[in-house]
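Visitor: Quick one: the structure is below, and I'll ask about it shortly.
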Amino acid sequence: MQRYNPPTTSAQTYCHGCQRQIRKVQEMMDNKYLTNIEYQVDKNTMQRQIEALQRQLELERLQAGTMRALLKRTTPDEKVQELVEINKKLTESLQKEVKNLEQYPLEEWYNAIQQKWTEKYQNCHDYAMEKKEEMLIYKEDAEKTHEDVQWYRRELAKANKMLMKNEQEIAALKRGADKENVENGAVEKKDDVKETSGRLMQIAQGSKRSSDV
Numbered sequence: 001m002q003r004y005n006p007p008t009t010s011a012q013t014y015c016h017g018c019q020r021q022i023r024k025v026q027e028m029m030d031n032k033y034l035t036n037i038e039y040q041v042d043k044n045t046m047q048r049q050i051e052a053l054q055r056q057l058e059l060e061r062l063q064a065g066t067m068r069a070l071l072k073r074t075t076p077d078e079k080v081q082e083l084v085e086i087n088k089k090l091t092e093s094l095q096k097e098v099k100n101l102e103q104y105p106l107e108e109w110y111n112a113i114q115q116k117w118t119e120k121y122q123n124c125h126d127y128a129m130e131k132k133e134e135m136l137i138y139k140e141d142a143e144k145t146h147e148d149v150q151w152y153r154r155e156l157a158k159a160n161k162m163l164m165k166n167e168q169e170i171a172a173l174k175r176g177a178d179k180e181n182v183e184n185g186a187v188e189k190k191d192d193v194k195e196t197s198g199r200l201m202q203i204a205q206g207s208k209r210s211s212d213v
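Under UniProt numbering, think of the first position of the sequence shown as 1, with each following residue one higher.
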């Protein structure tokens, strides 16, 4: 079963989405590879159990036949021959069992598991380094944002002070304008009184002249 091994050199870069997709593909391939190993182990285990049961049945049949033969025969040489055949069968069975044990690819499984966990550790390490870099970027952005906020706060405070100063100046100008309007009104009223008095005096003088004539 061919496995997918993505490039892991530092010279090659991927976007975060591509790296996550590569990790998902790697995990899926690892799971399939381990599932295949488990299937092969279960298959070989079942085959060994079946072969062991077959050998046990064969030995039981052989022993039953041997016992029947021993009960029928009384010659010592024939008994020895039967025992030799039994030992031969047992020896062949043991050799066959040892051969079946040697069929397991234990070294290949060990290497595959070691490689799998090495790649898993490397993936976790790369993921941790990626998150560390992202955290540093977020930290720098947060510090920059904090500095910008402080600058805007200072500028806003300056603008508020300037606004208060302008409002005070406007209020002072407004008070001065109101006072000037009041003073101008009083002067105009005084002038009107003087003008009226002058006219009355002129009328009075004219009346006096007429009476003298």
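C-beta atoms are modelled at their ideal positions from N, C-alpha and C, and glycine is treated no differently.
This one's a predicted model, so the numbers in the text were calculated from it and none came from an experiment.
Between the stretch 158-172 and the stretch 48-59, are three or more C-beta pairs nearer than 8 Å?
Guide: Contact fails: fewer than three Cβ-Cβ distances are below 8 Å.
Visitor: Let me check understanding here. Comparing Cα to Cα, which of R48, W109, C18, Q81 lies closest to L34?
Guide: For the residues R48, W109, C18, Q81, the minimum Cα distance to L34 belongs to W109.
Visitor: Once the 5 residues before and after S93 are set aside, which same chain residues still bring their CB inside 6 Å of it?
Guide: Same-chain partners within the cutoff: R55.
Visitor: Can you check whether the CB of Q26 is closer than 8 Å to the CB of N123?
Guide: Closer than 8 Å, so yes.
Visitor: Report the option in Q49, H146, K89 whose CA atom is closest to the CA atom of Q63.
Guide: Among Q49, H146, K89, the Cα nearest to that of Q63 is on K89.
Visitor: Rounded to whole angstroms, what is the Cα-Cα separation between K120 and N31?
Guide: Using only the alpha carbons, I get a separation of about 12 Å.
Visitor: How close, in whole Å, do the beta carbons of E130 and Q19 come, if the pair is a contact with beta carbons under 8 Å?
Guide: Contact flag correct, Cβ pair sits at about 7 Å.
Visitor: Output the distance between the C-alpha atoms of K144 and G176, rounded to the nearest integer angstrom.
Guide: Computed Cα separation, rounded: 48 Å.
Visitor: Would you report the Cα separation of G65 and Q115, rounded to the nearest angstrom?
Guide: The straight-line gap from Cα to Cα measures roughly 52 Å.
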